[in-house]
Each structure stands twice: as C-alpha cells, then as structure tokens.
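The listed protein sequences correspond, in order, to chains A and B. Our numbering puts the first residue of the first sequence at 78, with every later residue one more than the last. Our numbering puts the first residue of the second sequence at 78, with every later residue one more than the last. Think of the CB as a built atom: it goes at the ideal place given N, C-alpha and C, for glycine as much as any other residue. Computed from a prediction, not measured in an experiment: that's the story for all the values here. Report on the structure given below.
There are 2 protein chains.
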Amino acid sequence: MTDVKPMRADARRNYERLLEEAQRAFAEHGVEASLEDIARRAGVGIGTLYRHFPTRDALLETLLRARFDAQAERARELLTHPEPLTALQSWLAGLGDATGTFRGLVELTADALNDESSRLYESCHTMREAGSQLVERAKREGELRQDVTTQELLLLLHAASWAGGHLPGGGGMPRLLALVFEGLRAS
Amino acid sequence: MTDVKPMRADARRNYERLLEEAQRAFAEHGVEASLEDIARRAGVGIGTLYRHFPTRDALLETLLRARFDAQAERARELLTHPEPLTALQSWLAGLGDATGTFRGLVELTADALNDESSRLYESCHTMREAGSQLVERAKREGELRQDVTTQELLLLLHAASWAGGHLPGGGGMPRLLALVFEGLRAS
DNA sequence: TAATATACGGAGGCAGCCTCCGATTGGCTA
DNA sequence: TAGCCAATCGGAGGCTGCCTCCGTATATTA
C-alpha cells in the first residue's frame, strides 16, 4: 500500500533545496512569491519545481504541515489545562502566530477551512477538530457564549490575525484578540 | 486655480465607458480584475485607460469616492442619534457594507488608512475623521471602553468585514460585528 | 477649412504561470 | 565495469497581465 520507492539522489537533493528556498522566499515576499524565482535560487529548472510541487499550495502545505500538526497537538495538551477559557485563548494565540508566518497566509487558511478541495484543507481540518474540543469544553463549563460556533471563533481569530498584519507597527494581534474576547462595550 | 478645461467630447465618452466597465469588472472579479479586460470591454485601447487613470487605485478611487463621502456624511447625521453606541454600530455596519463592495477592497482600505501616499488615503481619511466623532461621543457617554482607539475600532470593523467575505454563505458580517461588540465571554 | 492641441491605440518589453518533451543521469544488472 | 532504461531534469514556448511610448487620428477653434 504505502511502499514509497526512495527518491533518486538528485531528486531528493533538488526537493530539499527547493523547500529551503521556498521557505526563504515566502518569508520574505509572502505567499505570492514568484515560483520561478524560487526555482532559480534553488539552482533548478522551473519544470523541476512543478514536478515536485504541482501547485503553489502543495509547496506551502509541505512547509506548513508540521507546524499545523504541532498546533493540533498543542490543543490536545491544553485540554488538561485547569482554566478552559485561558486554555482556549492561549491556543488561539498560538494559531494566530502560525497563520502569521507568511504574509497572505491567513487568507489562504481561512479559505482552506471551507474548501474541501483545497490542498491545505486536510491539515487545517485536523487542527480545527482538535481546537473544537477546547471550544466545547469552554462552553460546557460556562466560560464561553453558548451561541458561538467553532467556525465563527476560528474565523474571528483569523480576522484578528489578519488585522494584526494590517497594523502599521505590526504585532498588535494579541491586543486585538483580547478585545474580541472581552468585547467593546464599556464594562 | 480650479479652472478645469472641459474634456474633449471623445475623451469624456471614453472616460465614462471606462468607469462603467470598471464597475462591472471589479464587482465581478474583485479589485484585481484585469485592466486590459476593462479597456477591451469599454472598446478602448489600454493606453487610453492609463491616460485617464494612471493607476488601478486612481480608478478605484473614482468609483468609490462618492460612496466614502456619503459614509462620512452619514457619520455626521448619526451624531444626533439619541443612543451613541447604537449610532456607532449602525455607522460601522454601513462602512462594512461599503468596503464589501468589491472582493479585496477591505485589504486596500485598511492599508490606505495607514499609508498617506495611497491614492485612497484622502477619501478614507475624511471618513475616518467623521467616524472618530461617533467614537469619541460613545466613549464620553460611557458606552464604549475608554481604552479603545478609533484606529483599533476601524481595524476591527475591517477585520469583521474581511471575515464576512471568507464565510462560506457570505453575509455573516453583521453577526461577526455583533460578536466583536459584545465579546465572547459567557455573560 | 485648415491648424493644432488633445486624445487615441496598440505594439513591445517585461514578468509570472504552467506544460510539454527532448536531453541527461542515477542506479541496477550482467 | 559497461551498458541500459526508467527516473529526472531543464527550459523553451504559449499565455496573460502590467505599463510605456510614440506615431496616428480627430475634436475644436479660428
């Protein structure tokens, strides 16, 4: 079933060089970085890039999967945290950081969560399921509004993350997230 | 000073055809719609488009200015509304609709507010000033958190508007905005 | 109607996406 | 070690979109 033939040596070499350069390029120019540029810097033809990663999303997914899986794992850990709301907030903050890795990534992940055909869907979805447990617990223990869904919550998180990226200084995400949790009305 | 020579008849004709087609194209394909396509549909050379509107932003601005100005006007009207918070929320909802006109517009306006060199800056800024009055009033009357700035509030609105556009059904913006205002904690 | 300022159009240069296929090469076999 | 072939490579080429430049056309004015 899963008898993956080992890659030829040159293929493996190129695969790894491509990932290195892609990481650099996405970090520097956002998720829209030029693929031809990535191939060029990796010292590889554009055809080679496309053979290894048929789409931009495939490349991104390879770079992000580990990160997203870690996020899912962290959600499971936080289920044992004594304070459900704090746990949830802490998890969301981490997720916000993850989606802030590359400029433009929030848009992608927010969309991926609602698009099963997306390459990123699977790894995002796993993460969402894990987070969902945290949400349910917080609701069950009466620390979170009953009428909020996980979908809405994640969307709001993504929104805060998005907004953080559009703040002049940058890095205002935590503050925005706090506002969302506490509300804007005077107390 | 402001002695604007009337446009030549053909120029005026093209100018208007371009605006019509741009409106259609942006509505259909978002703010990234192809400019060459707009020119083509307007039955005009690409050079003509660029002469009338040197940048994409210039074109967008022409289409949006009236809308933004109306939004500023509405803020002034709402200053006489008896309930400051309701007035503010109502204004923000309208603004959310305005920035939801074209796909991708929220990003643009959110950035324009912090970039004086942007073509859209001026019309956005006027609007912001008007809205600022509503914010100050709500704070003064103790209906809004004292520690929230207009900038943050507008950013959160844009975030909600952004999120609304990434909701599968679409049109969930009001609900998200309400959540932001009321907070997520159980009451 | 002729002169001229104004406006038009699209070719052309550049960059990015993606596909296709002839050239190359790693690794296995004899 | 030589030779073979499947695996892999590379980049030309076709397409779209951006934007500029300048020879051509025309609305307007005298």
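Contacts of residue i in chain B (Cβ-Cβ under 9 Å)
i: F258 of chain A; result: G260, L261, R262
Start-to-end residues for the alpha helix (DSSP H) that takes in residue i
i: P251 of chain B; result: 250 to 259
i: L185 of chain A; result: 182 to 189
i: E138 of chain A; result: 133 to 155
i: T226 of chain A; result: Run containing T226 of chain A: none; DSSP gives neither H nor E here.
i: R117 of chain B; result: 112 to 118
i: H106 of chain A; result: 86 to 106
i: G177 of chain B; result: Careful: G177 of chain B lies outside any alpha helix (DSSP H) and carries neither H nor E.
i: G124 of chain A; result: 123 to 129
Beta-carbon proximity list for residue i, same chain, < 6 Å, skipping 5 on both sides
i: A116 of chain B; result: I123, L126
i: F130 of chain A; result: L136
i: H235 of chain A; result: V183, A187
i: W239 of chain B; result: V183
i: M78 of chain A; result: A caution first: M78 of chain A carries a pLDDT of 49, below 50, which makes its placement in the model unreliable, though a value can still be read off. Closer than 6 Å at the Cβ level, and outside the excluded window around M78 of chain A, lies no residue.
i: E220 of chain B; result: P161, L162
i: L254 of chain B; result: A237
i: G242 of chain B; result: none
i: R252 of chain A; result: none
Residues bridged to residue i (per DSSP)
i: L221 of chain A; result: B:R262
Interface partners of residue i on chain B, CB under 8 Å
i: H235 of chain A; result: A240, H243
i: G219 of chain A; result: A263
Neighbour flag for residue i against chain B, beta carbons, 8 Å
i: M78 of chain A; result: With a pLDDT of 49 at M78 of chain A, under the threshold of 50, the modelled position of that residue is not reliable, and the figure given next carries that caveat. For M78 of chain A, the answer is no, since every Cβ of chain B falls outside 8 Å of its Cβ.
i: G177 of chain A; result: no
i: L169 of chain A; result: no
i: N91 of chain A; result: no
7 Å Cβ cut-off: residues of chain B touching residue i
i: A187 of chain A; result: H243
Minimum Cβ-Cβ distance from residue i to chain A less than 8 Å
i: V108 of chain B; result: no
i: V121 of chain B; result: no
i: L182 of chain B; result: no
i: E199 of chain B; result: no
i: L253 of chain B; result: yes
i: R222 of chain B; result: yes
i: E229 of chain B; result: yes
i: L232 of chain B; result: yes
Under 8 Å by beta carbon: chain A residues contacting residue i
i: V225 of chain B; result: L256, L261
Close Cβ partners of residue i (< 8 Å) along its chain, the five nearest in sequence each way excluded
i: L95 of chain A; result: I115, A116, A119, V121, T125, L126, H129, F130, L136
i: N91 of chain B; result: A119, V121, T125, H129
i: Y198 of chain B; result: A189, L190, D192
i: Q100 of chain A; result: L140
i: M84 of chain B; result: Y92
i: R142 of chain A; result: S200
Beta-carbon contacts of residue i that lie in its chain and below 7 Å, excluding the five residues immediately before and after
i: R214 of chain A; result: L156, P161
i: A104 of chain A; result: F179
i: G171 of chain A; result: Q148, R151
i: E109 of chain B; result: G181
i: E98 of chain A; result: I115, R118, A119
i: W168 of chain A; result: R151, A152, L155, G208, L211
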